[in-house]
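There are 2 protein chains.
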Amino acid sequence: MSAGWFRRRFLPGGPLPAPRPPRPRASPVPYRRPRFLRGSGSGPGTADAPRRPDARPVRSPARGRALPWNAGYAEIINAEKSEFNEDQAACGQLCIRRCEFGAEEDQEWLALCSEELLTGHYWALFDGHGGPAAAILAANTLHSCLRRQLEAVVEGVVAARPPMHLSGHCVCASDPQFVEEKGIRAEDLVIGALESAFQECDEVIGRELEASGQVGGCTALVAVSLQGKLYVANAGDSRAILVRKDEVRPLSSEFTPETERQRIQQLVGVLQREAVEPQLVSPQSPEATREPDLCLASLPKAFVYPELLAGEFTRLEFPRRLKGDDLGQKVLFRDHHMRGWSYKCVEKSDLKYPLIHGQGRQARLLGTLAVSRGLGDHQLRVLDTNIQLKPFLLSVPQVTVLDMDQLELQEEDVVVMATDGLWDVLSNEQVAQLVRSFLPGNREDPHRFLELAQMLIHSTQGKDDGPTGEGQVSYDDISVFVIPLHNQGQRSDGH
Amino acid sequence: MSAGWFRRRFLPGGPLPAPRPPRPRASPVPYRRPRFLRGSGSGPGTADAPRRPDARPVRSPARGRALPWNAGYAEIINAEKSEFNEDQAACGQLCIRRCEFGAEEDQEWLALCSEELLTGHYWALFDGHGGPAAAILAANTLHSCLRRQLEAVVEGVVAARPPMHLSGHCVCASDPQFVEEKGIRAEDLVIGALESAFQECDEVIGRELEASGQVGGCTALVAVSLQGKLYVANAGDSRAILVRKDEVRPLSSEFTPETERQRIQQLVGVLQREAVEPQLVSPQSPEATREPDLCLASLPKAFVYPELLAGEFTRLEFPRRLKGDDLGQKVLFRDHHMRGWSYKCVEKSDLKYPLIHGQGRQARLLGTLAVSRGLGDHQLRVLDTNIQLKPFLLSVPQVTVLDMDQLELQEEDVVVMATDGLWDVLSNEQVAQLVRSFLPGNREDPHRFLELAQMLIHSTQGKDDGPTGEGQVSYDDISVFVIPLHNQGQRSDGH
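Respectively, the protein sequence lines represent chains A and B.
Each residue of the first sequence is one higher than the last, beginning at 39 in our numbering.
Each residue of the second sequence is one higher than the last, beginning at 39 in our numbering.
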């Protein structure tokens, strides 16, 4: 766990760091040659891509290479933040073949192959924390997990409607009717494959980091184009948006301690109800003494899990951290079952550090982590304690589906995927405005999507000539994909 | 647990039951005089309201009484379903006074009072199952719980912005800034009060049913008009919609075993991963044998809670219940982490009865219950077993807020609240169409909202002259409120 990690995201408006001299990157994760790009080149952002660890936008290493549909990719590494690049990326063509379980495990599978059953494209961004190890592993692994998961169900994916039995033989005459009633479509198999692939990749990362004595975690944002649909799977705080002439549509939502507050609070149980509502407890009558247990008795004891907090944290949320002066006062709070707020009388245990503390970009889980979903972090503990973070984290992504065939796509309709550093500084609307002002004037430029990705990053660096003119600055690593959607319904249909 | 309960909702298209002679209603719950209606009349649907236990719409008992803003209420009792009316309702004026904890507990509080700090209106529908006991208790109790919860925070509700400390004395100079940053508004206190009131009422029902040796549960749908906002709190499968000239807006969503599948499956843990993905487990290598534990070790053991199913049910969802012929086949399934679907090889344990089984209106939790949120059911067990339902149920509602002051309300803008029987037969759009075709032609009728509520119920009875002309039939109890919204911003502002 490298120093400086707990300040992974700088405060906006914080001091501008002095530039540091470039340092050589040294990744302790063994490098694996990426095998999933068309041809033999490495993907953008994979471990061997040339990088300049300074604070200026760099040209994408993939410039001029055969990125699918000339998608643009750019990245920036903030040397002040870390000596390693914690952002990693991967993209390439996905070739899904029909396979028997365990049969072709050892073969190359993502090279362009003539016998494929289905062809798609894959883009992924990983934003690491605690070092780049998990992000590098994810960039090297997740596409393989996804390929395996898709190949396991590919007969169902290419069917008009997935059959109840993968063999296609009905055991029961009414099976197609049940599938119809449940509304199960081919896209549900792709969603399921993405969900399982993230989980599988998380397990692989856990094993590999443990075996090599490393630590760290990363967020993951993946886009997959398959059969005329774009699937966006997100676990973390990166973001993808669709930008069209008259529309900006979010394709993902962020998973942070704030957005997942209720899920996280719920893990540590049903407690303190008697403290919250003292008027319900009257110790005089025998019935009344049983009241606080009613709720507990009817819920699985499993949910009362204060051990996870080791007595060091309070599950409740307050507007700020409480202090001695607040004791005995009625202050605003909320618990896991509440979307609204109420008041409670402050007790000594409420003065502990909050399970989720801080606001917006500063919100932290257990004072440690700014995201609530992602890959890795199996060994992560709160500083100087034995309190684990992993029980509170989910590796499963939220998947949204964009039906591109229904959209009447225009030449300048794009998806912008970027890590959080971009979105800290630019809103969806500002990014859309930059896209719309850039693309129409550069129709002849074969690298215009790449130039756009670089321009987006450039506008986060607070230059006078930044197109927003607002001079906001990001000190985070930033990676951006700009993916043109035009004409891809046909091209992605490899079947 | 009364017989016939497991068929609480009839199959659409099922046989039309022969009419039964009316039976006297006998409620084993002691009747309490409702104290929350303007004047001394009883509310519609409370325990002493006159009822005709036949299958025809009845005139609302509240006709001509001073329902707030002439809201219309109608109900129907289907004698074939149960000899008791399992639908209960309550409505009245809410007068919130400033009070010290425990000071005025014994006083009448909902009579029209001049010293109130805040006045609002309250409507509630409760759809019981397993008998009417829980629904009657809820109709007699929930408004009191809500009043107590609101009075405990009323100083914050009437403030421009809730203070960090209820006393109003800042302990820390930056407290208002923290409240501002968290975005805490007065309406969040009302939401919190509704959430806590449902939980408190659930506890009261648990105690009262246990003390009287009764059983049962109910759904709860509550609308509260306060300070120009309409709060709709829902726990169960009733529904409220806003109908305007050019808009139909759902104000609630339903909580059923289907809509809460992932939450319910998650309760019984992280299991069977090794069975789902056998290719990940290779017992030859020492590392591999530890794989299935990786996931379990990193999650709280608390989540692995198969005891709740007592070995009788399977957590996994399949398109239909599996049988012996499916053994060894790869069939469609999904687990708690999946919104999508995948295939798994069927094992013997998959042949157990599913935790959630059935489709749409027929979906049941543990083969027993059609709803996943509500009040009561503390003693409910799966027939002939010791398996409890309560650990899977939530009493906390989802609350939506309608800012009426922002709406430029017209005279015929209404909210329609109804139990599930109405929505089984009529869509939101069909109800809106009936509202729009009825109200403009009856502007002079002082009882037009009542007539509309009756007409809505009438159109579920499959009459030729039903306005939808489709002849669909509901055999369920149905209760409907029609609440006109016009001019109420001013009237509800009692402060």
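Glycine included, C-beta positions come from ideal geometry on N, C-alpha and C.
Treat the numbers as computed from the prediction; the structure is a model and nothing was measured.
Contact check for Q492 (chain A) against A112 (chain A) passes: the beta carbons are separated by less than 7 Å. Apart from the 5 residues on each side of it in sequence, Q367 (chain A) sits with its Cβ closer than 6 Å to the Cβ of V384 in its chain, given in chain order. In this structure, the CA atom of A128 (chain A) is about 41 Å from the CA atom of G378 (chain A).
Under the 8 Å Cβ criterion, the region 397–415 of chain B counts as touching the region 161–175 of chain B, having at least three qualifying pairs. The criterion of a C-beta distance shorter than 7 Å is not satisfied by S290 (chain A) and V260 (chain A). In the DSSP assignment, H416 (chain B) falls outside any beta strand (DSSP E), carrying neither H nor E. Secondary structure of I222 (chain A) (DSSP, three-state): coil.
Only R372, H375, M376, R377, G378, W379, S380 and Y381 from the region 372–393 of chain B bring a Cβ to less than 8 Å from some Cβ of chain A.
Listed along chain A, the residues sitting closer than 8 Å to P357 (chain B) by beta-carbon distance are M202, D213, F216, V217, E219, K220 and I222. By the C-beta density criterion, D483 (chain B) is exposed, having fewer than 16 other C-beta atoms within 10 angstroms. With respect to M376 (chain A), G396 (chain B) sits apart: the two C-beta atoms are not nearer than 7 Å. In terms of Cα proximity to E218 (chain B), the closest of A:Y513, A:E193 and A:G398 is A:G398. Considering only beta carbons, no part of the region 258–275 of chain A lies closer than 7 Å to chain B.
Within the region 447–525 of chain A, the alpha helix (DSSP H) runs of at least 4 residues that lie entirely inside it are, in chain order, 458–463, 466–476 and 486–496. Chain-order list of chain A residues neighbouring L247 (chain B): empty, with the shortest C-beta distance near 11 Å, by a criterion of under 9 Å.
By the Cβ rule, the region 248–257 of chain A does not count as touching the region 441–450 of chain A, because fewer than three pairs are nearer than 8 Å. The Cβ of V409 (chain B) sits no closer than 7 Å to any Cβ of chain A. Sequence-distant Cβ neighbours of Q237 (chain A) in its own chain, meaning closer than 7 Å and more than five residues away, are S433 and V434.
Taking 8 Å as the upper bound for CB-CB distance, V469 (chain A) and L431 (chain A) are not in contact here, some 28 Å apart. Using a 10 angstroms sphere on the CB of R199 (chain B), the tally of other CB atoms stays under 16, which defines it as exposed. DSSP places A408 (chain B) in no beta strand (DSSP E); its state is neither H nor E. Rounded to the nearest whole angstrom, the C-alpha separation of P522 (chain A) and H181 (chain A) is 21 Å. For the C-beta of L404 (chain A), not a single chain B residue is nearer than 8 Å; the gap to the nearest is close to 14 Å. Inclusion of L407 (chain B) and F351 (chain B) in the CB contact set at 7 Å is not warranted, their separation being larger than that value.
D364 (chain A) belongs to the set of residues whose beta carbon lies under 7 Å from a beta carbon in chain B. In the assembly as shown, Q426 (chain B) is a buried residue. Its beta-carbon has 16 or more other beta-carbons within 10 Å.
In this structure, A177 (chain B) sits away from Q131 (chain B), with a CB-CB distance that is not shorter than 7 Å.
In chain order, K368, V369, L370 and F371 place their CB closer than 8 Å to the CB of Y381 (chain B), counting only its own chain and leaving out the 5 sequence neighbours on each side. Among the bridge pairs identified by DSSP, V209 (chain A) is matched with none. In the assembly as shown, H207 (chain B) is an exposed residue. Its beta-carbon has fewer than 16 other beta-carbons within 10 Å. Beta-bridge partners assigned by DSSP to F351 (chain A): A:Y391. DSSP places T438 (chain B) within a strand segment (E or B) once states are collapsed to three.
When the Cα atoms are used, R353 (chain B) and R301 (chain B) turn out to be separated by approximately 11 Å. Secondary structure of P214 (chain B) (DSSP, three-state): helix. Interface with chain A (7 Å Cβ-Cβ cutoff): L354 (chain B) is excluded. One thing to note: V262 (chain B) has its Cβ no nearer than 7 Å to the Cβ of G110 (chain B).
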